[in-house]
Ligand SMILES: [Zn+2]
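In our numbering, the protein residues as written are 90 to 162.
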């Protein structure tokens with residue numbers, strides 16, 4: 090699986106939040122699927138439209154990540 094990377098700091102680990110401000114660590118694959126690092130974690134009720142980078146202050150849509158199949162960097 091190819092993982093998409095942060096446009097600012099180039100790492101591929103992010104987290105998502107729900108309304109209770111819980112966090113789940115995720116990767117994003119080349120088809121923009123958000124995948125929990127821990128397979129036991131559920132993403133139900135989490136907002137998958139906004140990712141938060143673990144390495145820097147970047148946050149935004151999965152479509153803004155580097156390395157997706159639609160573009161070549
Ligand atoms: Zn980053």
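Where a beta carbon is used, it is the ideal one built from N, C-alpha and C, also for glycine.
{"query": "Between the CA atoms of residue 98 and residue 130 - distance to the nearest angstrom", "result": "25 Å"}
{"query": "Pair within 9 Å by beta-carbon distance, residue 121 and residue 96", "result": "no"}
{"query": "Paired residues, beta bridge with residue 133 - DSSP", "result": "In the DSSP output, where bridge partners are listed per residue, residue 133 has none listed."}
{"query": "Exposure label - residue 161; buried when at least 16 CB within 10 Å", "result": "Confidence in residue 161 is poor, its pLDDT being 47 and thus under 50, which makes the residue's placement too unreliable to answer from."}
{"query": "Cβ neighbour criterion (16 or more within 10 Å) applied to residue 126", "result": "exposed"}
{"query": "Straight-line Cα distance separating residue 112 from residue 106", "result": "5 Å"}
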